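J.: Below you will find the structure I want to go over with you.
Protein chains in written order, with the numbering used here: chain A, 30 to 171; chain B, 194 to 583.
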């Protein structure tokens, strides 16, 4: 095999397919009222959802809520963590099985996620803009 | 397939059939999360006796499995505790004995500083802390720069570490881990593969241990979206073991034992490209087996891997790499061995909690832990694995 040709071909395919993008759903970040936050920087949100930032500025432990699957989940992971849904899942499996993180709570429906965030101190999650955000704080991403 | 210990069987019998983790809410606001995985593999080659496997042509070897079980609990807003046990079989190594994979207290001050104490995972290169994590990667085996023979020395250590991420604004961020502690491997562990290769036919039935080990990893998340680079290093002092030569049992030492990696990974959409350089050097010392001036041994590896998530369920990967071993002629017949590996991998997620994967490797040449009984130069290897996880 011509190794150089194989590497060049692989890189070309990578660049070609890497340019394909998919449409994204409108994602809204929601948090428990005791988190004490109504806006957050995109960098801080990424750190939170990747388990790097574990406490809110007021010292409250952050509890992450995620969706199991769906367009909202895929849009969120891509737009706010820089990972596809599969990469996000693998990332968290690595944290859990190396002891570096506690698995986020996952939910099948956005309504269940909202209910959890509303009753859980320090919780944060995401929903689509069409889902009712009853009992939670909507967080603007700067 | 070698039998599991009775404790392992008991643990398996209590595993939930659901794909989600167990969570025990016995203490309000302090739930215990339990996760686990069980992988059973099969490996065959175009040759007999590859490394520690008895891969008779066409029959293959099922002595290739692993089982992990972990529990974690948040004690306070800053303090977490957790532990993981592992049982693995890798040909003649492991034999499904139970080991403590990691167990530590984690005290997190903020995103820039946290501490861990106990048995902690070692970050070697980009993927060294994922050695036994089939569910977090596409390939069955780690890339060529991670040699199976040295696994037991690099997978974890007993000590303390500090970790965190430093924001550098437009320059990206730096993730760091520094650690200090001691190592001790099992007496029938993976180092047996290395010592048999180094000492041509001698076995090792004693643990390998170090007086102290230190090192760490620095990952630069660059300003280029999806690009990160990394440097990691581990150094051990007074790493030693004992080997038996006929009626004689003697000490052997690995002085100035140092391993480093330079790594780069670029992620774009469903594609991931990774490349790493690795170097391991030590001075082998034994007054009985290799008297006289010290003998330097070095290992050098590189690889390039491309991975793609084709659909929600299918992922593929491919790569090429080379492994070079330079022995001292004082105790080894050849001074240099070179192994070139090209591989293709595929993974299929049948359902949440269950996946299958396969690696097809082309091996040109040989290196210590991939020694073969037959002098044929080129070999094919096929490894398949099914993994259940929760």
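The C-beta atom is built at its ideal place from N, Cα and C for all residues, glycine as well. Bear in mind the structure is a predicted one, so any value in this text is a computation, not a measurement.
(1) Would you say residue 125 (chain A) faces chain B, with C-beta separation under 8 Å as the test?
(2) Identify each residue in the segment 261 to 281 of chain B for which the Cβ-Cβ distance to at least one residue of chain A is less than 9 Å, and report them in chain order.
(3) In chain A, what lies closer than 9 Å to residue 314 (chain B) by C-beta?
(4) Give the residues of chain B in contact with residue 88 (chain A), contact being defined as C-beta atoms less than 7 Å apart.
(5) Specify, as a first and last residue, the run of the alpha helix (DSSP H) that residue 120 (chain A) falls within.
(6) Going along chain A in order, which residues have a C-beta closer than 7 Å to the C-beta of residue 586 (chain B)?
(7) Of all the options B:454, B:511, B:346, which has the alpha carbon lying nearest to the alpha carbon of residue 384 (chain B)?
(8) Three-state secondary structure (DSSP) at residue 581 (chain B)?
(9) How would you call residue 572 (chain B), buried or exposed, if buried means at least 16 neighbouring beta carbons within 10 angstroms?
(10) So is residue 507 (chain B) buried or exposed if we call it buried at 16+ other beta carbons inside 10 Å?
(11) Mind checking which residues open and close the alpha helix (DSSP H) that includes residue 269 (chain B)?
(12) How about residue 537 (chain B) and residue 580 (chain B): do their beta carbons lie closer than 8 Å?
(13) For the segment 67 to 82 of chain A, which residues have a beta carbon sitting closer than 8 Å to at least one beta carbon of chain B?
(14) What do you reckon, are the CB atoms on residue 175 (chain A) and residue 167 (chain A) nearer than 8 Å?
(15) Tell me which same chain residues have a C-beta within less than 6 Å of the C-beta of residue 442 (chain B), skipping the five on either side of it?
(16) Is it right to say residue 585 (chain B) is buried, meaning 16 or more other beta carbons lie within 10 angstroms of its own, or is it exposed?
(17) Is DSSP giving residue 101 (chain A) helix, strand or coil here?
(18) Could you check whether the Cβ of residue 84 (chain A) sits closer than 8 Å to any Cβ belonging to chain B?
(19) When the Cα atoms are used, what is the spatial distance from residue 61 (chain A) to residue 148 (chain A)?
(20) On the CB-based measure, 16 or more other CB atoms within 10 Å of its CB, does residue 237 (chain B) come out buried or exposed?
(21) List, in order along the chain, the chain A residues whose C-beta lies closer than 8 Å to that of residue 166 (chain B)?
(22) What does DSSP give as the partner residue(s) for residue 575 (chain B) in the beta ladder?
(23) DSSP three-state call for residue 544 (chain B): helix, strand or coil?
(24) Give me the chain C residues within the contact set of residue 104 (chain A), using Cβ-Cβ distance strictly less than 8 Å, ordered along the chain.
(25) Strictly below 9 Å CB to CB, what residues from chain A border residue 552 (chain B)?
(26) Compute the distance between the beta-carbons of residue 451 (chain B) and residue 410 (chain B), then report whether it is under 8 Å.
T.: This is what the structure holds:
(1) True, the Cβ-Cβ gap to chain B drops below 8 Å.
(2) Those residues of the segment 261 to 281 of chain B that come within reach of chain A (Cβ to Cβ, closer than 9 Å) are 261, 263, 265, 266, 267, 269, 270, 271, 273, 275, 276, 277.
(3) What residue 314 (chain B) touches in chain A: 127, 128, 129.
(4) Those are 270, listed as they occur along chain B.
(5) Here the alpha helix (DSSP H) through residue 120 (chain A) covers 114 to 126.
(6) The question about residue 586 (chain B) has no answer here: the residues shown for chain B are numbered 194 through 583.
(7) Nearest of B:454, B:511, B:346 to residue 384 (chain B), Cα basis: B:346.
(8) In this structure, residue 581 (chain B) counts as strand in the three-state DSSP scheme.
(9) Counting the other Cβ atoms within 10 Å of the Cβ of residue 572 (chain B) gives 16 or more, which makes it buried.
(10) Around the Cβ of residue 507 (chain B), a 10 Å sphere holds fewer than 16 other Cβ atoms; the residue is exposed.
(11) For residue 269 (chain B), there is no enclosing alpha helix (DSSP H), as DSSP marks it with neither H nor E.
(12) Contact flag unset, no.
(13) Of all residues in the segment 67 to 82 of chain A, 72, 76, 81, 82 have a Cβ within less than 8 Å of some Cβ in chain B.
(14) The requested residue 175 (chain A) is not part of the displayed model; chain A covers only 30 to 171.
(15) Counting only residues of its own chain and dropping the five nearest sequence neighbours on each side, residue 442 (chain B) has a CB closer than 6 Å to the CB of 435.
(16) Within the shown structure, residues of chain B are numbered from 194 to 583, placing residue 585 (chain B) beyond reach of any answer.
(17) Residue 101 (chain A): helix per DSSP, three-state reduction.
(18) Closer than 8 Å to some Cβ of chain B, the Cβ of residue 84 (chain A) qualifies, so yes.
(19) The straight-line gap from Cα to Cα measures roughly 7 Å.
(20) Classification of residue 237 (chain B): buried, given that the 10 Å Cβ count is 16 or more.
(21) Given that chain B is displayed from residue 194 to residue 583, the structure contains no residue 166 (chain B) and the question cannot be resolved.
(22) Under DSSP, the beta-bridge partners assigned to residue 575 (chain B) are B:237, B:553.
(23) Residue 544 (chain B): strand per DSSP, three-state reduction.
(24) Looking for chain C here will not work: the only protein chains present are A and B.
(25) Residues of chain A whose Cβ lies closer than 9 Å to the Cβ of residue 552 (chain B) do not exist, since the nearest Cβ in that chain is about 17 Å away.
(26) No, Cβ-Cβ distance for residue 451 (chain B) and residue 410 (chain B) is not below 8 Å.
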